[in-house]
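Add 763 to the 1-based position in the sequence shown for this note's numbering, that's all there is to it.
Ideal Cβ positions, reconstructed from N, Cα and C, are used throughout, including at glycine.
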Amino acid sequence: MSQLSPEDVKQFLEQLGPAAIGTAVSMLFTEGKWKKRLVQGIVGVPFSMYMAPTVFAATQRWEWGKAVTESGAGVLTAVFGLAAVSYIFELWKQLQLGPMLREWVAKRLGVANPEDNKS
764 MSQLSPEDVK QFLEQLGPAA IGTAVSMLFT EGKWKKRLVQ GIVGVPFSMY
814 MAPTVFAATQ RWEWGKAVTE SGAGVLTAVF GLAAVSYIFE LWKQLQLGPM
864 LREWVAKRLG VANPEDNKS
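(1) Just checking my contact of PRO769 with VAL838 at CB under 8 Å: how many whole Å lie between their CB atoms?
(2) Under 8 Å, do SER811 and THR786 count as touching if we go by C-beta distance?
(3) For GLY835, tell me which candidate among MET814, ILE851, GLN766, VAL848 has the shortest Cα-Cα distance.
(4) Can you tell me the Cα-Cα spacing of GLY844 and MET863, whole angstroms?
(5) In the structure shown, what three-state DSSP assignment does LEU791 receive?
(6) Nearest-angstrom Cα distance between LEU854 and SER789?
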């Protein structure tokens, strides 16, 4: 097993900082229970760390994108990524897709729907 070099640690921290800051900012504006917000934060940081280089590369195609740094792309990815996830959660709840998905899975698997047994 190889050891981490100081350069590897530095690179990791350079990605972690903007992702954590963007996630924290986004969570300030996210409504919901603390458990939901915690899970979004735990998922949001690595997602932003993974997607930020791609977002950065995509912005470099346009003239205005030259002003976006890789750290800035990390913050933007976290903020807007979590905003999108929060919106999807709310839409899922408003459209009541959970019971529909449960029923569809039960039919596909050929098992009884647990909702049918409630009287």
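In this structure, then:
(1) Actually they do not touch by this definition, with Cβ atoms about 25 Å apart.
(2) yes
(3) MET814
(4) 26 Å
(5) helix
(6) 18 Å
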